[in-house]
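The sequence shown begins at 3 in our numbering and counts up one residue at a time.
The C-beta atom is built at its ideal place from N, Cα and C for all residues, glycine as well.
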Amino acid sequence: MENDRYDKLKQIKDEVLNDKNLPLYSYRIDNHYFPVIGQGNHYALIMFIAEAPGEEEAKTAKPFVGNAGKILDKLFLMAKIKREDVYITNIVKDRPPGNRVPTTEEIEAYSHFLIRQIEIIKPRIIVTLGKTSMEWIVSKYKLKNFGKISQVHGQIYQLKTKDQLIKYIPMFHPAMALYDPKKIGEMELDIKKIAKIYLDTQKNKQKC
Ligand code: URA
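Below, the structure is given as structure tokens:
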């Protein structure tokens, strides 16, 4: 039972590695890239979901190891969140050319892997990083009257999956701070709020 999640997540990894029909498969192979499946604790209470890997990520098979990752690491450090305790992943598992936003077809082709990751890990909290993953969550879980990311970041919502209720908090993408350094203050407030919810969730779980 202990290895159950490992085996199921490994199955997803094998499928992504071998599915030649995935829209970014040839681009991955031609560039000697790796898919980035996700990283972290298979029993994480909190899952961070972004858009798609960048070049550094595709070279190393790890999420958020480039410049945006450095910002995410700083945010985690200030909020006392340990990378090894959380799970970090993307909707699209392969790098889109030139780091462009994934197309609707790419999101459609890869998103079933993410749905399975959510069902396997069963996080109590989901945080999206950026607009693309926020819009995917809003559409997938049918959240009504949802505003723009500039209005809703840091707010707490609720998602209903087939077997659980999950707290959902949208955040700006860490890369935003590279283009608009003023945003870092808002991100710091959001991550502190998320860390508090995460801590409360850990305490509640210990009581059960
Ligand atoms: N940007 C993303 O959206 N995902 C990563 O893994 C890295 C950068």
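Residue i versus residue j - alpha carbon distance
{"i": "Ile31", "j": "Pro98", "result": "12 Å"}
{"i": "Lys162", "j": "Tyr143", "result": "7 Å"}
{"i": "Leu201", "j": "Leu191", "result": "16 Å"}
{"i": "Ile117", "j": "Gly187", "result": "31 Å"}
{"i": "Tyr45", "j": "Glu121", "result": "11 Å"}
{"i": "Lys64", "j": "Ala179", "result": "21 Å"}
{"i": "Leu145", "j": "Gln153", "result": "15 Å"}
{"i": "Ala111", "j": "Lys133", "result": "19 Å"}
{"i": "Ile90", "j": "Ser113", "result": "15 Å"}
{"i": "Asn101", "j": "Pro55", "result": "8 Å"}
{"i": "Ile171", "j": "Ile199", "result": "10 Å"}
{"i": "Asn69", "j": "Asn147", "result": "33 Å"}
{"i": "Thr106", "j": "Lys209", "result": "42 Å"}
{"i": "His175", "j": "Lys207", "result": "29 Å"}
{"i": "Pro183", "j": "Asp6", "result": "42 Å"}
{"i": "Asn20", "j": "Ile14", "result": "10 Å"}
{"i": "Pro104", "j": "Ser141", "result": "16 Å"}
{"i": "Lys205", "j": "Tyr8", "result": "25 Å"}
Of the residues the options, the one placed nearest residue i, counting alpha carbons only
{"i": "Thr130", "options": "Ile151, Ala111, Phe115", "result": "Ile151"}
{"i": "Ala177", "options": "Pro37, Gly71, Asp21, Gly42", "result": "Gly71"}
{"i": "Ile168", "options": "Phe115, Lys22, Ile123, Ile73", "result": "Ile123"}
{"i": "Leu74", "options": "Thr203, Lys185, Gln204, Gln208", "result": "Lys185"}
{"i": "Ile128", "options": "Thr106, Gln166, Pro25", "result": "Gln166"}
{"i": "Lys61", "options": "Tyr29, Met49, Phe50, Lys76", "result": "Tyr29"}
{"i": "Met49", "options": "Asn23, Met173, Lys205, Met189", "result": "Met173"}
{"i": "Leu77", "options": "Gln204, Lys205, Met189, Thr203", "result": "Met189"}
{"i": "Leu24", "options": "Phe115, Asp9, Val103", "result": "Phe115"}
Check whether residue i and residue j have beta carbons under 7 Å apart
{"i": "Arg126", "j": "Leu47", "result": "yes"}
{"i": "Trp138", "j": "Ile196", "result": "no"}
{"i": "Val67", "j": "Glu57", "result": "no"}
{"i": "Val88", "j": "Gly156", "result": "no"}
{"i": "Ile39", "j": "Lys84", "result": "no"}
{"i": "Ile193", "j": "Ala52", "result": "no"}
Local Cβ density within 10 Å of residue i, reported as buried at 16 or more and exposed below that
{"i": "Ile158", "result": "exposed"}
{"i": "His34", "result": "exposed"}
{"i": "Glu86", "result": "exposed"}
{"i": "Pro37", "result": "buried"}
{"i": "Glu108", "result": "buried"}
{"i": "Leu79", "result": "exposed"}
{"i": "Gln119", "result": "buried"}
{"i": "Ser135", "result": "buried"}
Open item on the list: Give the list of continuous alpha helix (DSSP H) stretches no shorter than 4 residues that lie fully inside the region 65-100.
Closed with: 69-81
TODO: Let me know the alpha helix (DSSP H) ranges lying completely inside the region 121-179, each 4 residues or longer, listed in chain order.
DONE: 133-142, 151-154
- [ ] Report the residue ranges of all alpha helix (DSSP H) runs contained in full by the region 8-51; include only those spanning at least 4 residues, in chain order.
- [x] Segments of the alpha helix (DSSP H) lying fully in the region 8-51: 27-32.
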